[in-house]
């Protein structure tokens, strides 16, 4: 009985360490995509983390779609990764939106600027432990176990998205 | 309860207190008359030195906390203010900052001494385990303390280390969010780290008390590793070892002072003087020197282990590295049962001595590997050293007694000491 009581009393204390209401309230971000040209990337902040938004070139999309599933550590098709990039029934696979946090230990991969290293797969390269992501943000080489995470997002019109 | 007869004290005030609360009788028994093996070498200084460092860290930390502001907007500047504007702030902070390093120096030497002379064996197993608990608490405290100045290394060190917990299957991400109090390392994280950084040293103090209490039940080990048999084997702690500890501590403090006054930033990372920026990762994230061997072990596991003939990953390289790193410390808890040799001191164990020094070399190699980017030669050296680290505990120590012919032990400490003399 005493043990049950002690555990029950400890619960609010443990639970208090989870995100507070105001932290949860900050969980959506609106972005205007109009200024982003093909082949450009921007980084926005969502829940305190960087989100990479890249307007991919046709070449990058084709590269990503040509990869056989067997070559992938965390198999997922490029179509799956951009399925939220759609508005009014039209797919926009050029918009790749993902959390810019390496799935290994949380560093921010390089590759947002043209002058950054892009790794062997025309995507992103994490300088901390050498993980390499392809033009779909999928893990191809290095210690990271998973593809770059795709956040929940939706196009509110052809040039605006809401992340979260 | 039978009442022991009190010896009594000349000073009437002390005697009055002692009659009602016999702390002076206790102090006399445990720290003055306490019979201690007469053959300690200077490696036996480091327990007392570590104790001194703990007190120094608590004392300086309390004063730093009077000026430090645990908020992401003010933390970095409040530390700079301590350095520039607060009276003697630079001295208090440099003493605290380098004190962490020197505390680890003392504790690591203390641990290697225990390992070499078999101090973890019967009847001191619990004493050893309490020591490992202190080490774990120290690591947590030092890690959280390093986050407080909120520089680039603070932020990214915190990010990398808390992300280790995301390797735990199923609940990993939930645990990380819980640790952060948000979706990234941020203000809630800094606040709780400050709270815990203030709390844990007092927990350490409590465990140190138990560690010393257990020591005073079993008595100290000694360089020969044989039990005390007659009063001739011992000397009273005071004045013999109070004097020797004071001498050793003085030498240690000279080195400490040289670092604080002449090279206060030598052991730190210059990147930590850049305010934390969650949008930019430093090119090369390295922990402080006292964590480098464990960091090297973390990074030496680079394979995914699959369920045979499938693509399903059983243990990812990330989880594997995390298991190895925590395993490297937790394994020490089992040391008293892994080493089956009845002989304590390495002085009488020729094969153990060789294995021990290779172990020391492996730890130094891991220290070097941890400071290098994870590519090329350091990766290989790290993997070999990690393999030896675990083989030492799990293979060599359990098997060694089968093949090792130990040297004859002296009859008693006093005989061995007098023969030498």
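Chains as they are written, first to last, in our numbering: chain A, 35 to 198; chain B, 8 to 428.
Glycine included, C-beta positions come from ideal geometry on N, C-alpha and C.
Your pair residue 130(A) and residue 190(A) does not check out as a contact, with CB atoms roughly 18 Å apart and the cut at 8 Å.
Taking a contact to require three or more Cβ pairs closer than 8 Å, the segment 357–371 of chain B and the segment 399–416 of chain B qualify as touching. Close CB contacts of residue 106(A) within its chain, under the 7 Å cut and outside five residues either way in sequence, are with 172 (chain order). Between the C-alpha atoms of residue 166(A) and residue 209(B) there is a straight-line separation of about 44 Å.
Residues 159, 160, 289 of the same chain have their beta carbon placed closer than 6 Å to that of residue 278(B), with the five preceding and five following residues left out of the count. As DSSP reads the structure, residue 194(A) sits in a beta bridge with 66(A), 191(A).
Within 7 Å of the CB of residue 170(B), the CB atoms of chain A belong to 139, 140, in sequence order along the chain. Taking a beta-carbon distance threshold of 8 Å, residue 57(A) counts as an interface residue toward chain B. Under the three-pair Cβ rule at 8 Å, the segment 134–151 of chain B counts as touching the segment 202–218 of chain B. Beta bridge pairing from DSSP links residue 351(B) with no other residue. The beta carbon of residue 185(A) sits closer than 8 Å to the beta carbons of 80, 85, 131, 132, 133, 197, 198 from its chain, once the five residues preceding and following it are set aside; these are given in chain order. Here residue 292(B) really is in contact with residue 167(B); their C-beta atoms are around 6 Å apart, less than 8 Å. Shown here, residue 35(A) sits in coil according to DSSP, grouped into three states, outside any helix or strand. Only buried fits residue 395(B), as 16 or more other CB atoms lie within 10 angstroms of its CB. Counted as a single uninterrupted DSSP element, the beta strand (DSSP E) harbouring residue 80(A) occupies residues 75–80. Look at residue 51(A) here: in three-state DSSP terms it is coil, with no helix or strand label.
In summary, the residues of the segment 156–182 of chain A whose CB is separated from some CB of chain B by less than 7 Å are 161, 162, 163, 164, 177, 179, in the order they occur in the chain.
Interface annotation, residue 39(A): not in contact with chain B, CB-CB separation never under 8 Å. With contacts defined by Cβ atoms closer than 8 Å, residue 141(B) and residue 89(B) do not form a contacting pair. Residue 352(B) places its beta carbon 8 Å or farther from that of residue 129(B).
When Cβ-Cβ separations below 8 Å define contact, residue 325(B) makes contact with chain A. With contacts defined by Cβ atoms closer than 8 Å, residue 44(B) and residue 240(B) form a contacting pair. Take residue 131(B), set aside five residues on each side of it, and the residues of its chain with a beta-carbon closer than 7 Å to its own are 225, 228, in chain order. Under the 8 Å Cβ criterion, the segment 101–117 of chain B counts as touching the segment 51–59 of chain B, having at least three qualifying pairs. Neighbours of residue 62(A) across chain B, judged by C-beta separation under 7 Å, do not exist; the nearest C-beta is about 12 Å away.
For residue 186(A), not one C-beta of chain B is nearer than 8 Å to its own C-beta. Taking 8 Å as the cut-off between beta carbons, the residues of the segment 274–303 of chain B near chain A are 285, 286, 287, 288, 290, 291, 292, in sequence order. The way I'd put it, the segment 334–347 of chain B doesn't touch the segment 176–183 of chain B; fewer than three beta-carbon pairs between them come closer than 8 Å. Cβ-Cβ distances below 8 Å link residue 424(B) to 45, 46 in the same chain, with the five nearest sequence neighbours on each side left out; the list follows chain order.
Contacts with chain B at 8 Å (Cβ-Cβ) do not include residue 147(A). Taking a C-beta distance under 8 Å as the contact criterion, residue 96(B) and residue 74(B) qualify as a contact pair. By the rule that beta-carbons nearer than 8 Å mark a contact, residue 69(A) does not touch chain B.
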